[in-house]
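Asker:
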Amino acid sequence: GIFFFKQKTAYEIYQCDWSSDVCSSDLSAGGDSSGYEINWNNSLNTGSAYSQIADSSTWIYAVLTDRCSVAGAEDSVFAHVLPPLAVHIAPDSLPPLCYGNGQAFKAIPTGGNRHYHFTWNDSIEGNDSINLAYTASKWTKVRLADNCTHPPASDSVFVNVLPPLQVEILFD
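Counting in this note's numbering, the sequence shown runs from 421 upward without gaps.
1) By DSSP, does V490 sit in helix, in strand, or in coil?
2) Assign F578 to one of three DSSP states: helix, strand, or coil.
3) Where does C443 fall in DSSP's three states?
4) If you run the structure through DSSP and keep just helix, strand and coil, what is A527?
5) Among the candidates Y519, W540, V490, whose CA atom is the shortest distance from the CA of L585?
6) Quick check on DSSP: helix, strand or coil for E539?
7) Name the two residues that bound the continuous beta strand (DSSP E) containing I589.
8) Return the chain-ordered list of same chain residues with a C-beta closer than 8 angstroms to the C-beta of S513, the five sequence neighbours on each side being excluded.
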């Protein structure tokens, strides 16, 4: 989120385009502070910009002083930090598949903003479930994005496929 400064009869710190949800834990704020001093979160950080790594939701406080007024202007905003984005494929292990057989998988997402987008094997876009047929052993991967959290989450499972049955009739 970004704080901007707006001149009225007194100086006021206000929010602009701030949503209640923060997609990542890297919080930053800043504004035009020429001629003023900003004290962020009651710390020694007095620059025009503020950055914080937050593991959970938190308040961001700012006090604006002009080295002249008796009292500074104060404001705060609550940053709701969303839980980390994660995904798990079920089943996460399975016995070898017969050649050409299919296997159903389900992606179990958690965290983020819950506007989930699933991509299977880097190319198949869809929902949280998929059924794939296998003719060779390989990794099956799901990538979970929510158009908010960076980087996306992913999980994979190795699918072992038995060779196809072959028969050969020999004459002696």
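Glycine is no exception: its CB is placed at the ideal position from the N, C-alpha and C atoms.
Answerer: In short, the structure shows the following:
1) Residue state, collapsed to three classes: coil.
2) Here F578 carries a strand assignment [DSSP, helix/strand/coil].
3) Legend: pLDDT at C443 = 49, less than 50; position of this residue unreliable, value from coordinates given subsequently. DSSP places C443 in coil when its eight states are reduced to three.
4) Strand, per DSSP.
5) Taking only the C-alpha atoms, the option nearest L585 is Y519.
6) Correcting the residue type first, residue 539 is Thr in the shown sequence and not Glu. Of the three classes helix, strand and coil, the one that applies to T539 here is strand, per DSSP.
7) No beta strand (DSSP E) contains I589, which DSSP labels as neither H nor E.
8) Hits under 8 angstroms: V577.
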